[in-house]
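Those protein sequence lines, which keep their order, are chains A and B. Going by the UniProt record's numbering, the first sequence opens with residue 1, and the numbers climb by one from there. Going by the UniProt record's numbering, the second sequence opens with residue 1, and the numbers climb by one from there. The structure appears below as structure tokens.
Protein chains: 2
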Amino acid sequence: MATDRDSVLEAAVGVLSRRPTAHLDEIARAAGISRATLHRIFPGREALIREVGTLGLRRFAAALDTARIEEGDAQAALRRLVDAVVPDAALCAFLAGENQLYDDPGINDLWEVQDARVRALFLRGQQQGVFRIELSAGWLSEAFFDLVAGIGWAVQDGRLAPRDGAFSLAELFLGGALRRPDTP
Amino acid sequence: MATDRDSVLEAAVGVLSRRPTAHLDEIARAAGISRATLHRIFPGREALIREVGTLGLRRFAAALDTARIEEGDAQAALRRLVDAVVPDAALCAFLAGENQLYDDPGINDLWEVQDARVRALFLRGQQQGVFRIELSAGWLSEAFFDLVAGIGWAVQDGRLAPRDGAFSLAELFLGGALRRPDTP
DNA sequence: AGCAGATGAGACGTTGATGTCTCATTCTAT
DNA sequence: ATAGAATGAGACATCAACGTCTCATCTGCT
């Protein structure tokens, strides 16, 4: 049952995104299973971490697909991306915190592909005159991901209401913190 | 010699901000000393991590002081803060990644004080009509710190030139990613 | 040169998480 | 109801990092 595996991974994210060094006991308890069963599903800790990473990247890639970021106006595409990615913000928070994953070539490649897609979105937006050209597409892409992770942490720790996630992310990232005098 | 301690902590940050689970061997090698000497300076791993955390918070607090964030126009104060904090972005990146530190009450208290100062800055800016009121001061504060950490990671990994750090941070955070038609 | 202190290299025991095993219990399908 | 499979609980060995120790070497000072 793939659903079973994914539900365990889901629970693992909840623990690991906060404390990447959490013991397997803790993860198993969070998933509602015993440590023995956890080992039956995943050969070991390394495999579990890797699976969580690939799940996060699969979800992120699915969000890019759902948002159809390659189509239409760049700003509208980014707003669609925000809505699509915020539900998986916790997974992105895990990915952001687990730089160690970049040792795995498979995960690294998968990440590169998705990151390139987001960078292309910003580049396209800059060519369309929608996004600012003073900021590099690479930095926009990285900063966007940082803020998505920030949403994930804030929601998990109860500092931000889940309903406010998409709005807070889109408004801050697109419009910045400054009040615009011309748009009352 | 406090300078010696700090130089070791400095080196430790370089390693720990990327990989929080790095072995003491690795940290000692990065600092150019042996593991034995590392143990002579810091009683153990826990003490080392705690010292790195307090160093980061001291530097962050010093940046808030240097920028005089309690004085004058909120936007100008934030720009001063950006300039003051970017040189220590790597330390902030460590603080952001090491949520585990929040177990220590001393560090937790110190963090609360600084976070409250930043939140007060945003609240003041909102009252002055400088910052947008649709975004909560708490989220602005958290997002700002996330982006500072992002700067630290990007610079450390060579994805962003150190000279571009302050500009990229200030422009994105204050003005957002959207191009403003009215300010060519 | 000679001495005191500091450092590096390495050995050693301890500790805690991990991986594997067994066995009793529970769930499920027929 | 019963056989088979799956799960939980716990014991056990392994292993890697940690903390401590000793000793040789190096540095700095007189």
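We put the beta carbon where it would ideally sit given N, CA and C, even for glycine. Here the structure is a predicted model, which is why all the values come from computation and not from measurement.
For my contact list, F60 of chain A and C92 of chain A are in at a C-beta cut-off of 8 Å; report their separation, rounded to the angstrom. Along the first sequence, one-based indexing puts residue 60 of chain A at 60. Along the first sequence, one-based indexing puts residue 92 of chain A at 92. At roughly 6 Å, the Cβ-Cβ gap stays under 8 Å, so F60 of chain A and C92 of chain A are in contact.
Under the rule that 16 or more other beta-carbon atoms within 10 Å means buried, what is D4 of chain A, buried or exposed? Mapped onto the first sequence, residue 4 of chain A falls at position 4. The residue in question, D4 of chain A, is exposed, as its Cβ has fewer than 16 Cβ neighbours within 10 Å.
Report the neighbours of G175 of chain B on chain A: residues whose CB is nearer than 7 Å to its CB, in chain order. By 1-based counting over the second sequence, the position of residue 175 of chain B is 175. Result: G176 and L178.
With respect to the alpha helix (DSSP H) encompassing S105 of chain B, which residues constitute its N-terminal and C-terminal limits? Numbered from its first residue, the second sequence carries residue 105 of chain B at position 105. The sequence shown places Pro at residue 105 of chain B, not Ser. It spans P105 to Q127 - the alpha helix (DSSP H) in which P105 of chain B sits, taken as one unbroken run.
CB contact flag (N99 of chain A, R159 of chain B, <8 Å): Translated into the one-based positions of the first sequence, residue 99 of chain A becomes position 99. Translated into the one-based positions of the second sequence, residue 159 of chain B becomes position 159. Taking 8 Å as the Cβ cut-off, N99 of chain A and R159 of chain B do not qualify as a contacting pair.
Between B:P181, B:L57, B:D6 and B:G106, which has its C-alpha nearest R117 of chain B's C-alpha? Position 117 of the second sequence, counting from 1, holds the residue named residue 117 of chain B. The shortest Cα separation from R117 of chain B among B:P181, B:L57, B:D6 and B:G106 belongs to B:L57.
Identity of the residues DSSP links to L178 of chain A by a beta bridge: Numbered from 1 along the first sequence, position 178 holds the residue referred to as residue 178 of chain A. Answer is B:F131, bridged to L178 of chain A.
Are the CB atoms of T166 of chain A and V82 of chain A nearer to each other than 8 Å? The residue given as residue 166 of chain A occupies position 166 in the first sequence. The residue given as residue 82 of chain A occupies position 82 in the first sequence. The sequence given here places Ala at residue 166 of chain A; Thr does not occur at that position. Yes, the pair counts as a contact, with Cβ atoms nearer than the cut-off.
D25 of chain B touches chain A at which residues, Cβ-Cβ below 7 Å? Numbered from 1 along the second sequence, position 25 holds the residue referred to as residue 25 of chain B. Ordered by position in chain A, no residue passes the 7 Å Cβ test against D25 of chain B, which lies about 16 Å from the chain.
Q75 of chain B versus chain A: which residues are under 8 Å apart at the beta carbon? The residue labelled residue 75 of chain B in the question sits at position 75 within the second sequence. In chain order: L178.
Using a Cβ-Cβ cutoff of less than 6 Å, which residues in the same chain neighbour residue 243 of chain A once the five nearest sequence positions on both sides are dropped? There is no way to answer for residue 243 of chain A, as the model of chain A reaches only from 1 to 184.
How close, in whole Å, do the beta carbons of G125 of chain A and A74 of chain A come, if the pair is a contact with beta carbons under 8 Å? As a first step, residue 125 of chain A must be located in the first sequence, where it is residue number 125. As a first step, residue 74 of chain A must be located in the first sequence, where it is residue number 74. About 3 Å; that satisfies the 8 Å criterion.
What do you reckon, are the CB atoms on E51 of chain A and L16 of chain A nearer than 8 Å? Here the question's residue 51 of chain A lines up with position 51 in the first sequence. Here the question's residue 16 of chain A lines up with position 16 in the first sequence. It is not a contact, given that the beta carbons lie outside the stated cut-off.
Can you confirm whether the segment 63-72 of chain B touches the segment 41-50 of chain B when touching is taken to mean that 3 or more C-beta pairs between the two stretches lie within less than 8 Å? no
Can you give me the C-alpha to C-alpha distance between E134 of chain A and F173 of chain A, rounded to a whole angstrom? As a first step, residue 134 of chain A must be located in the first sequence, where it is residue number 134. As a first step, residue 173 of chain A must be located in the first sequence, where it is residue number 173. Each residue's Cα considered, the two are about 15 Å apart.
For a cutoff of 8 Å on Cβ pairs, would you count R19 of chain B as touching chain A? By 1-based counting over the second sequence, the position of residue 19 of chain B is 19. Cβ-Cβ to chain A under 8 Å: yes for R19 of chain B.
Going by other Cβ atoms of all chains shown within 10 Å of its Cβ, with 16 needed for buried, is D88 of chain A buried or exposed? The residue labelled residue 88 of chain A in the question sits at position 88 within the first sequence. By the 10 Å Cβ count, D88 of chain A comes out buried.
Between residue 239 of chain A and chain B, is the shortest Cβ-Cβ distance under 8 Å, so that the two count as touching? One cannot answer for residue 239 of chain A here, as it falls past the ends of chain A, which runs 1 to 184.
Within 8 Å of any Cβ in chain B, is that where the Cβ of R58 of chain A sits? In the first sequence, the residue the question calls residue 58 of chain A occupies position 58. No, because no Cβ of chain B sits closer than 8 Å to the Cβ of R58 of chain A.
Against chain B: residues of the segment 124-136 of chain A by CB proximity under 7 Å: G129, V130, F131, R132, E134 and L135
Assuming A96 of chain A contacts R119 of chain A under a Cβ cut-off of 8 Å, what Cβ separation, rounded to an integer in Å, is found between them? Taking the first sequence and counting its residues from 1, one reaches residue 96 of chain A at position 96. Taking the first sequence and counting its residues from 1, one reaches residue 119 of chain A at position 119. In fact, because the Cβ distance is near 17 Å, the residues do not count as touching under 8 Å.
Does P184 of chain B come within less than 8 Å of chain A when only Cβ atoms are used? Here residue 184 of chain B refers to the residue found at position 184 when the second sequence is read from its first residue. Legend: pLDDT at P184 of chain B = 44, less than 50; position of this residue unreliable, value from coordinates given subsequently. With 8 Å as the cut-off, P184 of chain B does not count as an interface residue toward chain A.
If you count every other CB in all the chains shown that lies within 10 Å of the CB of V86 of chain A, and 16 or more means buried, which is it? The count along the first sequence starts at 1 and reaches residue 86 of chain A at position 86. V86 of chain A should be labelled buried.
Just reading off the alpha helix (DSSP H) that H23 of chain B is part of, what are its end residues? The residue you call residue 23 of chain B lines up with position 23 of the second sequence. Taken as a continuous stretch (DSSP letters only), H23 of chain B belongs to no alpha helix (DSSP H), as it is neither H nor E.
Please look up how many angstroms separate the CB atoms of L24 of chain B and R45 of chain B, rounded, as I've assumed it's under 8 Å. Position 24 of the second sequence, counting from 1, holds the residue named residue 24 of chain B. Position 45 of the second sequence, counting from 1, holds the residue named residue 45 of chain B. Their Cβ separation, rounded to whole angstroms, is 6 Å, which keeps L24 of chain B and R45 of chain B in contact under 8 Å.
Would you decide whether E71 of chain B is buried or exposed? Buried here means 16 or more other CB atoms lie within 10 Å of its CB. Here the question's residue 71 of chain B lines up with position 71 in the second sequence. By the neighbour-count rule (16 or more Cβ atoms within 10 Å), E71 of chain B is not buried but exposed.
Could you check which residue in A:R163, A:S34, A:A31 and A:I107 has the C-alpha nearest to that of A47 of chain A? Taking the first sequence and counting its residues from 1, the one referred to as residue 47 of chain A is at position 47. Nearest C-alpha to A47 of chain A: A:I107.
C-beta contact flag for L147 of chain B and A143 of chain A at 8 Å: Within the second sequence, numbered from 1, the residue matching residue 147 of chain B stands at position 147. Within the first sequence, numbered from 1, the residue matching residue 143 of chain A stands at position 143. Their beta carbons are under 8 Å apart, which means L147 of chain B touches A143 of chain A by this criterion.
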